[in-house]
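Sequence positions in the sequence shown follow full-length UniProt numbering and run 1 to 457. Data first, discussion second: the structure below is written as structure tokens.
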Amino acid sequence: MTRTATPVQKNDKVFVTFEDLTHDGAGVAKVDGYPLFVPYGLPGERAEVLVTKTKKNYGFGKIETLIQESPDRVEPPCPIYRQCGGCQLQHMTYEAQLDYKQKHVEDVMKRIGHLSDVPVHPVIGMDEPWNYRNKAQVPVGERNRKLIAGFYQKRSHYIIDMESCMIQQEANDIIIQSVKRIAERLGIRAYDEKSHRGTLRHIMTRTSHSKNEVMLVLITKNEQIPHKNKLIDMIKSTFPQVVSIVQNVNPKQTNVIFGNETKLLWGEEYLFDTIGDVKFAISARSFYQVNPIQTKVLYNKALEYAQLTGEETVIDAYCGIGTISLFLAQKAKKVYGVEIIPEAIEDAERNAKLNNIENVQFATGEAETVIPKWFEEGVRPDVIVVDPPRKGCEESLLQTILEMKPKRIVYVSCSPATLARDLKILEEGDYQTKEIQPVDMFPQTMHCEAVAMIDLI
Ligand code: SAH
């Protein structure tokens, strides 16, 4: 095998200018066309970089000296920013983050979607881009006989104990801290991955934005929790805003956080939240958007793009607990929602009842299987809304949509790259993308959400 020489070798020092960012926020610089990925480099900056690793088509480096600093650079406010990795853009001003995300969407539309003329609006950001997350989920461990909980250090399973996280709502941090101390006082041990012993694996909290109530979920290895009643009492008396304590049992030696068994230990089975005029009951395992302020902005945009008059039949594919479906149902004749997780559909049905919304029908299953069946049964949607996970829509679903010919498609996406890929397929059929509105659901991170309006030509 012949080895083609790379333009730089490990331990070389090179002067570079950063041109772009990778999906995990590292600066990208090119040396004779060979990309070097360098953490914390910002576009436009010049730096002397130490090459730390080379592969055939790309390499990695580390900033030795920053020669020209970007005006977009700020001191990251979080003390554990570099260890954690949960945020990737804290070293950039918020305005620059929003600009970057807009350009990124435009860029992938051109590069992957071959769509150069689609207007991509400026990203709708937050007034206060901190403390926005309504859900925290942390691994629990032990160090020096004390319980710790926080995050895994980048690319490892070494737990860094965390007091607070700057993008979390404060209640989540405070409750996790306190549960840790209470469990420790009761002698409840953390689960140890290596020996597969101990009790407490993860702690999850979810806060209701509208009611300021909290659901606490303890993920344990076994069903038994030592001093369980005492634990519940102490949590209840410390935090009146905790309205629900749930246990999830995960007996497996696995990286997957949740096990199959979920049971209520105390209080309410659901957390209740309101977005706009719609109330939602959310169970422990259901997907629920993590940024409540921006979720309202996102759903309103999806509703606006759907341009409903009250006469339309709408399909909401990937509907989760029916959030978008119920938003749309207020303005449509009938909404069909489909989702793969049965518990989420149970939640969706309950949520419809909770709001006295009767013009919705939900089904459990894969969107790509259920929607063709609806088509066969004579369902003729005027509008289809899709909100798939990061991997985007199954191609077969897009083909079904092309056959169904709804007059409009609203695509809510958490991955600009798969959005662009899917828009290309729709554009090869009879559709045209009219406009794209990115919404910043995840400030300080590289994640980027966008809504696209796509019309039948
Ligand atoms: N629209 C909802 C959920 C979006 S997240 C909201 O805004 O809250 C994407 C959802 O798609 C998840 O609930 C996930 O369980 C579901 N999902 C993933 N693959 C699916 C598939 N093939 N068919 C239907 N739903 C799927």
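C-beta: ideal position from N, C-alpha, C; glycine also.
| Is residue 460 helix, strand or coil by DSSP? | Here the chain comprises residues numbered 1 to 457, so residue 460 is not present and cannot be evaluated.
| task | Sort Ala367, Ser286 and Gly61 by Cα distance to Lys30 and report the nearest one. | result | When each option's Cα is compared against that of Lys30, the closest is Gly61.
| What is the rounded straight-line gap between the Cα of residue 488 and the Cα of Leu456? | As shown, the chain starts at 1 and ends at 457. That puts residue 488 outside it, with no answer to give.
| query | Would you say the beta carbon of Asp387 comes nearer than 8 Å to a heavy atom of the ligand SAH? | reply | In this structure, the ligand SAH has a non-hydrogen atom nearer than 8 Å to the beta-carbon of Asp387.
| query | When the distance is taken between beta carbons, is Val386 closer than 9 Å to Ile409? | reply | Yes, these two residues count as a Cβ contact at 9 Å.
| query | DSSP state of Glu312, grouped into three classes? | reply | If DSSP states are grouped into helix, strand and coil, Glu312 belongs with coil.
| query | In chain order, what residues of the same chain lie with their CB nearer than 7 Å to the CB of Thr207, ignoring the 5 residues before and after it? | reply | Contacts found: Asn134, Gln169, Ala171, Asn172 and Val214.
| Spatial distance of Lys434 from Phe37 (CA atoms) | So the alpha carbons of these two residues sit roughly 34 Å apart.
| task | Within the same chain, show all residues whose beta-carbon is closer than 7 Å to that of Gln68, passing over the 5 residues directly before and after it, in chain order. | result | Same-chain partners within the cutoff: Glu45 and Arg46.
| query | Tell me which same chain residues have a C-beta within less than 6 Å of the C-beta of Val412, skipping the five on either side of it? | reply | Closer than 6 Å at the Cβ level, and outside the excluded window around Val412, lie Ala302, Asp387 and Val451.
| query | Assuming Ala367 and Leu397 make a contact with CB atoms under 8 Å, what is their CB distance in whole Å? | reply | Taking C-beta atoms under 8 Å as the contact rule, Ala367 and Leu397 qualify, at a distance of about 5 Å.
| field | CA-to-CA distance, Val14 to Gly320, given in whole angstroms | value | Per the coordinates, the alpha-carbon of Gly320 lies some 49 Å from the alpha-carbon of Val14.
| Alpha carbon to alpha carbon, what distance is there between Gly27 and Gln102? | Whole-angstrom Cα-Cα distance: 17 Å.
| Is any heavy atom of the ligand SAH found at a distance shorter than 8 Å from the C-beta of residue 458? | The structure shown has nothing for residue 458, since the chain only spans 1 to 457.
| query | For Arg197, which of helix, strand or coil comes out of DSSP? | reply | Three-state DSSP puts Arg197 in a strand.
| task | Give the C-beta separation of Ser244 and Leu218 to the nearest angstrom, bearing in mind that I take them to be a contact with Cβ-Cβ under 8 Å. | result | The distance from the Cβ of Ser244 to that of Leu218 is about 12 Å, inconsistent with a contact at the 8 Å cut-off.
| task | Counting only runs of 4+ residues fully inside the region 280-329, write out the alpha helix (DSSP H) ranges in chain order. | result | The region 280-329 contains these whole alpha helix (DSSP H) runs: 292-306 and 323-329.
| query | In chain order, what residues of the same chain lie with their CB nearer than 7 Å to the CB of Ala183, ignoring the 5 residues before and after it? | reply | Once the five neighbours on either side are set aside, the close Cβ partners of Ala183 are Leu147, Leu200 and Leu231.
| message | With a threshold of 8 Å (Cβ to nearest heavy atom), would Gly392 be considered close to the ligand SAH? | response | Outside the cutoff, so no.
| query | With 16 other CB atoms within 10 Å as the buried threshold, where does Lys10 fall? | reply | Burial call: exposed.
| Under the rule that 16 or more other beta-carbon atoms within 10 Å means buried, what is Gly310, buried or exposed? | Its Cβ having fewer than 16 others within 10 Å, Gly310 is exposed.
| request: Would you tell me roughly how many angstroms separate the C-alpha atoms of Thr6 and Val49, rounded to the nearest one? | output: Straight-line Cα distance between these residues: approximately 16 Å.
| Expressed to the nearest angstrom, what Euclidean distance is found between the alpha-carbon atoms of Ala344 and Asp127? | If I take the Cα positions, the gap works out to 31 Å.
| said: With a threshold of 8 Å (Cβ to nearest heavy atom), would Cys448 be considered close to the ligand SAH? | reply: For the ligand SAH, not one heavy atom lies less than 8 Å from the Cβ of Cys448.
| message | Rounded to the nearest angstrom, what separates Asp233 and Cys165 at their Cα positions? | response | Taking the CA atoms as reference points, Asp233 sits about 26 Å from Cys165.
| query | Is Val412 near the ligand SAH, in the sense that its beta carbon is under 8 Å from a heavy atom of that ligand? | reply | Val412 Cβ: within cutoff of the ligand SAH.
| query | Between which two residues does the alpha helix (DSSP H) containing Phe375 stretch? | reply | Start and end: Ala367 to Glu376.
| said: Is Ala288 a contact residue of the ligand SAH, with contact defined as CB to any heavy atom under 8 Å? | reply: The residue you asked about is not Ala; residue 288 is Tyr in the sequence shown. Because some heavy atom of the ligand SAH lies under 8 Å away, the Cβ of Tyr288 counts as near it: yes.
| Closest by CA to Glu75, which one among His202, Tyr94 and Glu193? | Per the Cα distances, Tyr94.
| request: Please classify Asp347: does DSSP put it in a helix, a strand, or coil? | output: Secondary structure at Asp347: helix, using DSSP grouped into helix, strand and coil.
| Ordered list of beta strand (DSSP E) runs contained in the region 53-83, each at least 3 residues | Correct list: 59-68.
| query | In the structure shown, what three-state DSSP assignment does Asn248 receive? | reply | In the structure shown, Asn248 adopts extended strand secondary structure according to DSSP, grouped into three states.
| query | What whole-angstrom Cβ distance do Gln88 and Thr445 have, given they're in contact under 8 Å? | reply | The pair is a contact, with the Cβ atoms about 6 Å apart (cut-off 8 Å).
| said: Checking the sheet assignment: what are the DSSP bridge partners for Leu413? | reply: It should be pointed out that residue 413 corresponds to Ser in this sequence rather than to Leu. BP columns for Ser413 point to Ala450.
| Whose C-alpha, out of Val8, Gly25, Asp12 and Val16, is nearest the C-alpha of Cys448? | Ranking the options by Cα distance to Cys448, first place goes to Gly25.
| said: My output table needs one value for Ile219: the three-state DSSP class, helix, strand or coil. | reply: Residue state, collapsed to three classes: strand.
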